[in-house]
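For reference, the structure is listed below as structure tokens.
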Amino acid sequence: MVVSGEMYELGSRKSTIRELFEYGKQRAAIVGKDNIFDFSLGNPNVPVPEYIKETIFELLNGQDSTSVHGYTAAAGDLESRECIAQSLNERFGTNFAAENLFMTSGAAAAITICFKALSEKSDEIITFAPYFPEYKVFVESVGAKLEVVPAEPTNFQINFADFEERINENTKAVIVNSPNNPSGVVYSEKTILKLVELLKRKEQEYNHPIFLISDEPYRELAYDHVPVPYLTNYYKNTLVCYSYSKSFSLPGERIGYIVVPNEIVDFDVVYSAIAGAARVLTHVCAPTLFQKVVAKCAGKPSDIHIYEKNRELLYNSLIEAGFSCVKPEGAFYLFPKALEEDDIAFCERAKKYDLLVVPGSSFGCPGYFRIAYCVKTSNIERSLPLFRKLAEEYTNKGKTEII
Ligand code: PLP
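Quick look at the structure:
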């Protein structure tokens, strides 16, 4: 082949989510965009906060253009990192400074940089189903292996029995995502305490560090004041991967960061490896304007009332229609049980009603499906009769007839 076969595969084979999104656009051109209910993509629909817009204009009008559009240090603008560190310290009682942060182009870059910085061949990285499907691509891109612990479907917390079986001397890191995409579940403090107790025990047993990577783009999207534990406060070998894509509705601006706490084993070595990985992956000097924007707005509240309203409406209506689902406490996803064993067949059937939902198999959790409810509330309202009709197909006719 004239190109790398592996890269060709990755580039030509779209993810299920992207495929559905493309299908939605084609279908909208035929039936009209109000008649297609695209719940496939986690693209925030809450408007960008006014304070972000004002800050952008202030920066564009107020400073010399070379400062807002020029290169920053590879790790990011010093003053911006300082502001973000201060804001984290105020909110989570941490003791970070600029030196603990590395600015990145969103969480995707942050995660890939961490995987690249930490892993050598034959290393394994563990995650828990249901999980963000890109982890597999990111882990494999650095030559490591992703190990998936099956889901704990009663509450989508961690399946510890399976985890303990899978962790071994090759485990280099464990990646968690809470609030979770796709389940919307927030890991409780009890879960975190159990997780770190096990990790500490295994670090001693294998006599090497096991890093905990906290992928947390949905941290601010938590409902009913549910606490989202800040993991560096629980486990010293933690790396935090954060993104402003969801909290400030800025996914297209590609801005986030990695936190490397002082307490991590061999801080200088780990931070240098992060810098090296960012260099190789060409993720140095994250977008300058947006480094400055998010630094000036760090700690400002996110508007989550639309997501909260959508969650209530959709969750209550689906339960009424006969679906079963763990009530999400965060993010903007619902992960109900599919009404037949084959989640892919179920999602195909949903398409008949122009309901675009993603099979749980894409997240390592067959038998379920994901609804991204970051859409207009009126769209959800209009989709409810269709979800009811879909459910009725199963209750009225019985599975054997409809297959
Ligand atoms: N991690 C999770 C769990 C996500 O859901 C996403 C995006 O949807 C990302 C990482 C990547 O986010 P970003 O836009 O910051 O790269």
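If you're matching positions, the sequence shown starts at 819 in the numbering used here and goes up one per residue. We put the CB at the ideal spot given by N, CA and C, even for glycine. Note that this is a predicted model, so its numbers are computed, not measured.
Rounded Cβ spacing between residue i and residue j (contact assumed at less than 8 Å)
i       : j       : result
Ile993  : Ile943  : 6 Å
Pro1105 : Ser923  : 7 Å
Ile835  : Cys932  : 23 Å between Cβ atoms; not a contact.
Tyr1060 : Val1078 : At roughly 12 Å, the Cβ-Cβ gap does not stay under 8 Å, so Tyr1060 and Val1078 are not in contact.
Asn1197 : Phe855  : 6 Å
Ala928  : Ala915  : So it is not a contact: roughly 19 Å between Cβ atoms.
Phe950  : Ala991  : That pair is no contact at about 15 Å.
Asp895  : Lys1110 : 7 Å
Cβ-heavy atom distance, residue i to the ligand PLP, below 7 Å
i       : result
Pro1069 : yes
Close Cβ partners of residue i (< 6 Å) along its chain, the five nearest in sequence each way excluded
i       : result
Ala1095 : Ile931, Lys934, Ala935
Tyr1212 : Leu1157
Phe946  : Val967, Ile976
Phe974  : Ser1001, Val1003, Val1144
Lys1169 : none
Val957  : Phe933, Ile943, Leu964
Lys1114 : Thr873
Lys1155 : Ser1142, Tyr1186
Val1175 : Phe857, Cys1165, Ala1168, Phe1187, Ile1189
Val1046 : Val1004, Arg1037, Ala1040
Tyr1024 : Glu987
Asn863  : Cys1192, Val1193
Own chain partners of residue i with C-beta closer than 7 Å, once the 5 adjacent residues on each side are dropped
i       : result
Met819  : Tyr826
Glu952  : Ala926
His887  : Thr1106, Leu1107
Tyr1062 : Leu1068, Ile1073, Gly1074, Val1112
Asp980  : Val967, Pro968
Gly1002 : Pro1146, Glu1147, Gly1148, Ala1149, Tyr1151, Leu1152, Phe1153
Gly1140 : Ala1209, Thr1213
Val866  : Phe1066, Ser1067, Leu1068
Glu1015 : none
Pro1027 : Glu1021, Asn1055, Val1083
Spatial neighbours of residue i in its chain, beta-carbon cut-off 8 Å, leaving aside the 5 residues before and after
i       : result
Ala891  : Cys1103
Arg1097 : Ala892
Glu908  : Gly1117
Leu1039 : Pro997, Lys1064, Ser1065, Ser1120, Ile1122, Tyr1125, Gly1148, Ala1149, Phe1150
Val849  : Asp1172
Asn1051 : Phe910, Gly911, Thr912
Val821  : none
Any C-beta of chain C under 8 Å from that of residue i
i       : result
Lys1012 : Absence of chain C from the displayed structure is noted, only one protein chain being present.
Worksheet entry | Test item, CB below 6 Å from any non-hydrogen atom of the ligand PLP | Chain-ordered list of matching residues: Gly860, Gly924, Ala925, Ala926, Phe950, Asn995, Asn999, Asp1033, Pro1035, Ser1061, Ser1063, Pro1069, Gly1074.
Worksheet item: Mind pulling the alpha helix (DSSP H) runs of 4 or more residues that sit fully within the stretch 974–1025?
Response: Annotation note: the stretch 974–1025 contains the following uninterrupted alpha helix (DSSP H) runs of length 4 or greater, listed N- to C-terminal: 978–984, 1007–1024.
Fill in: Contiguous beta strand (DSSP E) assignments of at least 3 residues, all confined to the stretch 1128–1199
Within the stretch 1128–1199, the complete beta strand (DSSP E) runs of at least 3 residues are 1187–1190.
Item to complete: For the stretch 1070–1127, list the beta strand (DSSP E) runs that are entirely contained and at least 3 residues long, ordered along the chain.
Response: Counting only runs of 3 or more, we get 1074–1077.
Worksheet entry | Secondary structure, beta strand (DSSP E): runs of 3+ residues fully inside the stretch 885–934 | With a minimum length of 3 residues, the continuous beta strand (DSSP E) runs that stay inside the stretch 885–934 are 919–922.
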